[in-house]
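Here's the structure we're looking at; comments come further down.
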Amino acid sequence: MKLFDELAAWWPNIAGPDEYRDEALFFGRLLRRSVTPRPRTLLDLGSGSGNNAFHLKAQFELTCVDLSPHMQAVSRKVNPECEHVLGDIRTVRLGKTFDAVFVHDVVAHMTTARDLLAVMETAYVHCRPGGIALFVPDEMRETFVPSTDHGGYDTDKRSLRYVQWVTDPNPNDSTVLVDFGFLLKDSRGRVRMVHERQKHGLFARAEWMRMLRKAGFTPSIVSDKT
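In the working numbering, the protein residues as written are 12 to 237.
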């Protein structure tokens, strides 16, 4: 995907750690209070640019796994003290367990039940007995509404602005379409446009619960209002 490969170096202009602060701190509190003893080691599956890790590393000994070497390069710059492992979160096996496993919005890229279950199985294999795994899907079938979003930032040498458009052409399948439009301005003031269309997975709450049980978990749902 362009967003995670040729545009990876632009991530500081798309979203930086500050944008993730409140959400990441909520996740950290939730993980710490949910099991006893409090988790010390954390596996971040699909860690991307490392924006969540930037905040979570103060609370946990963190290992970051991602499929894109370009995104890991971005993460290493802001999280040099964290271990980074290149791997597919559907199949990676590290040969050890963690007190907690964290799977953020990378689950949106699992467009089939088979792939989503594979990620859950990876999380279960790496979660110590009595540990906790936290999955954070962007949307569920019951709550999905089409949406648009926009953003972007200026840095010393370049600027970026984007629009994100999420639609569901076929409500009867397990996917939605996400169109990104990027305007990128380089240090010489030249502007170019990049479009990318992604297909994201969308599953019902009951499907999530069924697959989590199948993977071995005893699942529960927590709202960010909790």
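We put the CB at the ideal spot given by N, CA and C, even for glycine.
Every value quoted in this text rests on a predicted model; they were computed, and no experiment measured them.
Problem - Contained beta strand (DSSP E) runs [length at least 3] in the segment 90-168, N- to C-terminal order - result: 94-97, 109-114, 138-146, 158-162
Exercise for the section: Check R51 in the structure and name its three-state DSSP category. Expected result: coil
Problem - For N62 and A26, believed in contact at Cβ under 8 angstroms, the rounded distance - result: 6 angstroms
Problem - Environment of L53 [buried if 16+ CB atoms lie within 10 Å] - result: buried
Handout entry: Residues of its chain near R257, where Cβ-Cβ distance is below 7 angstroms and the 5 sequence neighbours each way are ignored
Key = Coverage of the chain is limited to positions 12 through 237, which leaves residue 257 absent and any answer about it impossible.
Practice task
Quick one: grab the DSSP three-state call for R172.
Solution key: strand
Problem - Helix, strand or coil at G39 according to DSSP, with G and I counted as helix - result: helix
Problem - Same chain, Cβ closer than 6 angstroms to P28, neighbours up to 5 away in sequence not counted - result: N62, F65
Handout entry: Cβ separation of P148 and V118, assumed to be a contact under 8 angstroms, to the nearest whole Å
Key = 5 angstroms
Problem - Limits of the beta strand (DSSP E) - the one that R216 falls within - result: Note, R216: premise wrong, no beta strand (DSSP E); alpha helix (DSSP H) at 216-226.
Practice task
Return the first residue and the last residue of the beta strand (DSSP E) that L194 is part of.
Solution key: 186-196
Exercise for the section: Return the chain-ordered list of same chain residues with a C-beta closer than 6 angstroms to the C-beta of A241, the five sequence neighbours on each side being excluded. Expected result: Lying outside 12 to 237, the shown extent of the chain, residue 241 is not represented and no answer is given.
Practice task
Tell me whether S79 is buried or exposed, calling it buried when 16 or more other Cβ atoms sit within 10 Å of its Cβ.
Solution key: buried
Problem - Beta-carbon spacing of E72, R49 below 8 angstroms - result: no
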